[in-house]
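Following: one structure in structure tokens, then a few remarks.
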Amino acid sequence: MKIGMLTGGGDCPGLNAVIRAVVRKGIFHYQDEIVGFMEGWRGLIDDNTMVLNLDSVSGILPRGGTILRTSRTNPSKRPDGVQRCLAAIEKHKIGALIAIGGDDTLSVAQKLYEAGAKVVGVPKTIDNDLGGTDYTFGFDTACNIVCEAIDRVHTTAEAHNRVMVVEVMGRDAGWIALYSGIAGGADAILIPERRFDVDKVAESIRQRHERGRYFSIVVVAEGAKFAEGKGAPVVQDMGKDEFGHAKLGGIANILAREIEKRTGYETRAVVLGHIQRGGSPSAFDRVLATRYGLGAIDMVHRGEFGRMAALRANKIVSIPLQDAISRNRTVDDEMIEIVDGLFEDIGVKEAASS
Ligand code: F6P
């Protein structure tokens, strides 16, 4: 069979591991021919392809980014975009298309499936916010990067008697902040799922310092919201991408200023940004991404279209794409309770409920 493959949305460590697994199993076990569409959905619209064979995937397992490159192109926002995607599938005689992406990429996959294309999805995002799957690949690597950054920030905070506010990605979900904050021993973790009261955050830091500590680490998700902000996140500018997402970012600087004003402690902001998405995938993500790739090519040959490879209770299963894109998987109450147990009146526990 001739199979098309693309990677869409923000890149994340592990994309190349999925590509490699699909190509190797496709060629070794199914005698498939694989063609890559470049830069996400843009590759179908512009008919930009590359041959994927054993040579092209050799040595890519540990590499970050994606050899197929990526973009946030939304065919519905381009003239005849969806029609052009269908035409490219037809032209290249693609028997099945594997779309590796987050909710935006997979919502386009669902649209094409409804229009008759044979599509299988693979869940990708460092944000870990896709429905229907326990973990997306890329998340573990991002948490490891943030955890290491927190460890480094710890020593400089301690040396200078400072409060350090570390801003992490995650869009509307607090998974990266929560996991890396727990792993890095943060003193407060602020996530989008619960608005926070800056007076209470400052007071908790003051009390900690009165108990004898002389530095503190606050981990804040880019999408976290001030209680008094009526639920609006901090944005870099008024721009939006083709899927309508605001460019989040900048909360750490504002928060650092407010904490310093209220406590009198010298406070600095660190914005980790795209460092969280770059570089080599962790061993966990390499294995998970490989399992997803192998799951996806098997689904193609079982004819399970309009579906996504998902991880449930450590098994790769096939679920409807619709289940993955219909809801954003945010941090659940059970997870928040775990963190509440760690802190004495600080962090998410004392954040005002939204
Ligand atoms: O969805 C992944 C993500 O890294 C988010 O955490 C972040 O808000 C966004 O992408 C950043 O997007 P861009 O790469 O377009 O700046």
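When you read off a place in the sequence shown, starting at 1, and then add 6, the result is the number in my numbering. Where is the CB? At the ideal position from N, CA and C, for every residue including glycine. Nothing here was measured: the structure is a model prediction, and the numbers come from that model.
Candidates Gly250, Ile342, Pro239, Ala252, of which the one nearest Ala258 by Cα: Position 252 of the sequence shown, counted from the first residue, corresponds to residue 258. Comparing Cα positions, the closest option is Pro239.
Is the closest heavy atom of the ligand F6P to the C-beta of Glu228 under 7 Å? In the sequence shown, residue 228 corresponds to position 222, counting from 1. For the ligand F6P, at least one heavy atom lies less than 7 Å from the Cβ of Glu228.
Taking all protein chains shown into account, decide if Phe34 is buried (16 or more other Cβ within 10 angstroms of its Cβ) or exposed. Locating residue 34 in the sequence shown gives position 28, counting from the first residue. Classification of Phe34: exposed, given that the 10 Å Cβ count is below 16.
Cβ of Thr131 within 7 Å of any heavy atom in the ligand F6P? As a first step, residue 131 must be located in the sequence shown, where it is residue number 125. In this structure, Thr131 has its CB closer than 7 Å to one or more heavy atoms of the ligand F6P.
Around the C-beta of Met244, are 16 or more other C-beta atoms found within 10 angstroms, so that it is buried, or is it exposed? Taking the sequence shown and counting its residues from 1, the one referred to as residue 244 is at position 238. Met244 comes out exposed.
To the nearest angstrom, how far is the alpha carbon of Cys91 from that of His166? As a first step, residue 91 is located in the sequence shown; it is residue number 85 there, counting from the start. As a first step, residue 166 is located in the sequence shown; it is residue number 160 there, counting from the start. Cα to Cα, the separation comes out at about 56 Å.
Which whole-angstrom value describes the C-beta separation of Ser82 and Val169, a residue pair presumed to lie in contact below a C-beta threshold of 8 Å? As a position in the sequence shown, residue 82 is number 76, starting the count at 1. As a position in the sequence shown, residue 169 is number 163, starting the count at 1. Incorrect: roughly 45 Å between the Cβ atoms, too far for contact.
Would you say the beta carbon of Leu254 comes nearer than 7 Å to a heavy atom of the ligand F6P? The sequence position of residue 254 within the sequence shown is 248, counting from 1. Result yes, Cβ under 7 Å from the ligand F6P.
According to DSSP, which residues form a beta bridge with Thr55? Within the sequence shown, the letter at position 49 stands for residue 55. In the DSSP assignment, the residues bridged to Thr55 are Phe43.
Could you tell me whether the region 64-75 touches the region 285-292, using the rule of 3 or more Cβ pairs below 8 Å? In short, these stretches touch, since the Cβ pair count reaches three.
Could you check what DSSP says for Met305 in three-state terms: helix, strand or coil? By 1-based counting over the sequence shown, the position of residue 305 is 299. Helix at Met305.
Helix, strand or coil for Leu34, going by three-state DSSP, please let me know. Sequence index remark: in the sequence shown, residue 34 carries index 28 (1-based). At residue 34 the sequence reads Phe, which differs from the Leu that was named. Three-state DSSP puts Phe34 in a helix.
Residue from Gly42, Leu60, Asp61 with nearest C-alpha to Asp52: Along the sequence shown, read from residue 1 onward, the residue named residue 52 stands at position 46. Answer by Cα proximity: Gly42.
Can at least three beta-carbon pairs, one atom from the region 170-188 and one from the region 330-347, be found at a separation below 8 Å? The region 170-188, when compared against the region 330-347, does touch it at the 8 Å Cβ threshold.
Is Arg177 near the ligand F6P, with its Cβ less than 7 Å from a heavy atom? Here residue 177 refers to the residue found at position 171 of the sequence shown. Correct: Arg177 has its Cβ closer than 7 Å to the ligand F6P.
For Ala23 versus Arg214, is the C-beta distance shorter than 8 Å? For the purposes of this step, residue 23 is taken as the residue at position 17 of the sequence shown. For the purposes of this step, residue 214 is taken as the residue at position 208 of the sequence shown. No, they are not a contact pair.
So is Val88 buried or exposed if we call it buried at 16+ other beta carbons inside 10 Å? Here residue 88 is taken as the residue at index 82 of the sequence shown, counted from 1. Buried.
Can you say whether Gly20 is buried or exposed, counting buried as having 16 or more other CB atoms within 10 angstroms of its CB? Sequence index remark: in the sequence shown, residue 20 carries index 14 (1-based). By the Cβ-count criterion, Gly20 is buried, with 16 or more other Cβ atoms from all chains shown falling within 10 Å of its own Cβ.
Exposure of Ala121, with buried meaning 16 or more beta-carbon neighbours within 10 Å: For the purposes of this step, residue 121 is taken as the residue at position 115 of the sequence shown. By the neighbour-count definition (other C-beta atoms within 10 Å, threshold 16), Ala121 is an exposed residue.
Which residue marks the beginning of the beta strand (DSSP E) containing Asp133, and which one marks its end? For this step, residue 133 is matched to residue 127 along the sequence shown. Careful: Asp133 lies outside any beta strand (DSSP E) and carries neither H nor E.
Looking only at C-alpha atoms, which of Ile106, Gly101, Pro85, Asn80 sits nearest to Arg26? The sequence position of residue 26 within the sequence shown is 20, counting from 1. Nearest C-alpha to Arg26: Ile106.
Just list the alpha helix (DSSP H) runs in the region 278-338, keeping only unbroken ones of 4 residues or longer that don't cross its boundaries, in chain order. Runs of the alpha helix (DSSP H) inside the region 278-338: 289-308, 327-331.
Please state the DSSP three-state secondary structure of Leu112. Mapped onto the sequence shown, residue 112 falls at position 106. If DSSP states are grouped into helix, strand and coil, Leu112 belongs with the helices.
Using CA coordinates, which residue listed in Gly347, Thr55, Lys253, Asp109 is at the minimum distance from Lys97? Position 91 of the sequence shown, counting from 1, holds the residue named residue 97. Looking at the Cα atoms, Thr55 is the closest of the given residues.
The ligand F6P and Gly16: does the residue's C-beta get closer than 7 Å to at least one heavy atom of that ligand? Translated into the one-based positions of the sequence shown, residue 16 becomes position 10. With a cut-off of 7 Å, the C-beta of Gly16 is classified as near the ligand F6P, since at least one heavy atom of the ligand falls inside that distance.
Leaving out five residues on either side along the sequence, give the residues of the same chain with a beta carbon under 6 Å from the beta carbon of Val323. Indexing the sequence shown from 1 puts residue 323 at position 317. Closer than 6 Å at the Cβ level, and outside the excluded window around Val323, lie Ala316.
Rounded Cβ spacing between Ile156 and Ala192 (contact assumed at less than 8 Å): Taking the first residue of the sequence shown as position 1, residue 156 is located at position 150. Taking the first residue of the sequence shown as position 1, residue 192 is located at position 186. Cβ atoms of Ile156 and Ala192 come within 8 Å of each other, at about 6 Å.
Closest to Pro198 by CA distance: which of Tyr185, Ala189, Phe232 is it? On the sequence shown, residue 198 is found 192 positions in, with the first residue counted as 1. For the residues Tyr185, Ala189, Phe232, the minimum Cα distance to Pro198 belongs to Phe232.
Closer than 7 Å: is that where the CB of Leu247 sits relative to any heavy atom of the ligand F6P? Sequence index remark: in the sequence shown, residue 247 carries index 241 (1-based). The question names Leu, but residue 247 in the sequence shown is Asp. It does: the Cβ of Asp247 is within 7 Å (strictly closer) of some heavy atom of the ligand F6P.
Quick one: Cα of Ile9 to Cα of Leu136, how far? Walking along the sequence shown from the start, residue 9 turns up at place 3. Walking along the sequence shown from the start, residue 136 turns up at place 130. Between the alpha carbons of Ile9 and Leu136 lies a distance of about 24 Å.
Restricting to Cα atoms, I'd like to know which of Gly299, Gly279, Gly301, Gly49 is closest to Glu228. Here residue 228 is taken as the residue at index 222 of the sequence shown, counted from 1. Checking every option, the nearest Cα to that of Glu228 belongs to Gly279.
Excluding sequence positions up to five away, which residues of its chain have a Cβ less than 6 Å from the Cβ of Leu58? Here residue 58 corresponds to residue number 52 of the sequence shown, with the count starting at 1. Cβ within range, chain order: Val29, Ile40, Gly42.
When you compare each of Arg283, Ile342, Leu294 to Thr72 by their alpha carbons, which one comes out closest? Position 66 of the sequence shown, counted from the start, is the residue given in the question as residue 72. Considering only alpha carbons, the answer is Arg283.
Can you tell me the Cβ-Cβ gap for Ser210 and Ala194, rounded? I've got them flagged as a contact below 8 Å. Along the sequence shown, one-based indexing puts residue 210 at 204. Along the sequence shown, one-based indexing puts residue 194 at 188. Right, their Cβ atoms sit about 6 Å apart.
Quick check: does the Cβ of Gly108 come within less than 7 Å of any heavy atom belonging to the ligand F6P? In the sequence shown, residue 108 corresponds to position 102, counting from 1. At least one heavy atom of the ligand F6P is nearer than 7 Å to the Cβ of Gly108, so yes.
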